[in-house]
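Reviewing the structure listed below.
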Amino acid sequence: MNHHLLLLAVLLLSGPRLTADEVRPARQLLAQAAASPAKREPTNAAEAAAQKAKADAELEAKYQALVAKLPPEQQAWERVLQAQLGGFYLPIHKREKVAGRSNAWDFVQDDPKLPRVLLIGDSVSRGYTQAVRKAMAGKANVHRAPANCGPTASGLKNLDVWLGDGKWAVIHFNFGIHDRNTPLPDYTQRLEQLIGRMKQTGAKLIWASTTPIPDSPDGKQTAASIVERNQAAAAVMRKHGVLTDDLFAAIAPRLAEMQPPNDVHFNAKGYDFLGETVAASIQRALK
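With numbering that gives the first Met the number 0 applied, the sequence shown covers 0 to 286.
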């Protein structure tokens, strides 16, 4: 029982006389409190695990009930997400769907009169996806790959799933932050393979340069690693005639206002800026 209801109980027992109309709702509140004890902090790891398991089960039940009511095409999309999003992003997606909030992995109902665009990339790409959709509303059907696409190795493994069966007018892609420790020869070779597969779709390809990252105190993450990979990737793109969306150059002068300290990600202003930049590159490719 929380302290508000405890005070109410004291009032009922020893306070001034209440009317019948005042007593009735007060007693109902006390009955509800007795039936549903207030949540409390776990006192040990076992209790914490039990509470988490219960919360996870409740979330799963609500999510599955929601999915069961969706049209078949949307149910199929949710199954792809369940297979691709992984242990970090899938629970986030489920919570957002249950809460009725839009996210980067929303099902996209295509307008058949508009071209289809696919965004492939990591969490930075996820961050600007909705800004791209907003900027391209009425101009293109903007989809994103059903994953945090990670490194080039993951791209080679999952690209066919991400491409799906539909026809794409433009594919806007990036691999870089998760390849910061990949040897450059391996990185460029994998990019070559990915480009070859994406070209088979007939889509116009746009490579997004990888956005800046800070040096980490332990030296395991360096800003220079991204500069090196962007230079190597740019050479591959020139070789294959792939268009470039230089996000690194666009946002580098504005990091102080758009990127939190010691973070590879961006704030809302940064993602809006990146989304508008990406949308502009897509519109140029569609002309």
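Each residue gets a CB set at the ideal place from its N, CA and C atoms; glycine is no exception.
Exposure label - residue i; buried when at least 16 CB within 10 Å
i	result
aspartate 244	buried
threonine 306	The first residue shown for the chain is 0 and the last is 286, placing residue 306 beyond what the model contains.
glutamine 192	exposed
alanine 267	exposed
alanine 45	exposed
asparagine 147	buried
glycine 175	buried
arginine 189	buried
arginine 283	exposed
alanine 222	exposed
glutamate 57	exposed
asparagine 173	buried
serine 124	buried
Where the alpha helix (DSSP H) containing residue i begins and where it ends
i	result
isoleucine 194	183 to 198
arginine 100	No alpha helix (DSSP H) contains arginine 100, which DSSP labels as neither H nor E.
proline 71	71 to 83
threonine 276	267 to 285
Which of helix, strand or coil DSSP assigns to residue i
i	result
tryptophan 167	coil
leucine 113	coil
arginine 179	coil
isoleucine 119	strand
lysine 133	helix
glutamate 40	coil
isoleucine 91	helix
phenylalanine 106	coil
serine 215	coil
proline 259	coil
alanine 223	helix
tyrosine 146	As written in the sequence, residue 146 is alanine, which differs from the tyrosine given in the question. Looking at alanine 146 - three-state DSSP - the assignment turns out to be coil, as it is neither helix nor strand.
The beta strand (DSSP E) enclosing residue i, as first and last residue numbers
i	result
leucine 157	Checking the sequence, you will find asparagine at residue 157 rather than leucine. Segment 151 to 162 is the alpha helix (DSSP H) holding asparagine 157; no beta strand (DSSP E) there.
leucine 65	Segment 44 to 67 is the alpha helix (DSSP H) holding leucine 65; no beta strand (DSSP E) there.
arginine 143	140 to 143
Those residues which DSSP pairs with residue i across a bridge
i	result
isoleucine 205	His171 and Leu242
arginine 125	Note: arginine 125 sits in no beta bridge, so no partner.
Is the number of C-beta pairs between the stretch 136 to 148 and the stretch 115 to 122 that are closer than 8 Å three or more?
yes
Evaluate contact between the stretch 103 to 113 and the stretch 237 to 252, counting only Cβ atoms and requiring at least three cross-stretch pairs below 8 Å.
no
Cβ contact check for the stretch 165 to 174 and the stretch 84 to 103: 3 or more pairs under 8 Å:
no
So, does the stretch 128 to 137 touch the stretch 274 to 282, judging by three or more C-beta pairs under 8 Å?
yes
If contact is defined by three or more beta carbon pairs under 8 Å, each pair taking one atom from either stretch, is the stretch 76 to 85 in contact with the stretch 217 to 226?
no
Can you confirm whether the stretch 153 to 160 touches the stretch 202 to 210 when touching is taken to mean that 3 or more C-beta pairs between the two stretches lie within less than 8 Å?
no
Would the stretch 179 to 188 and the stretch 95 to 110 be scored as touching if the rule is three or more Cβ pairs under 8 Å?
no
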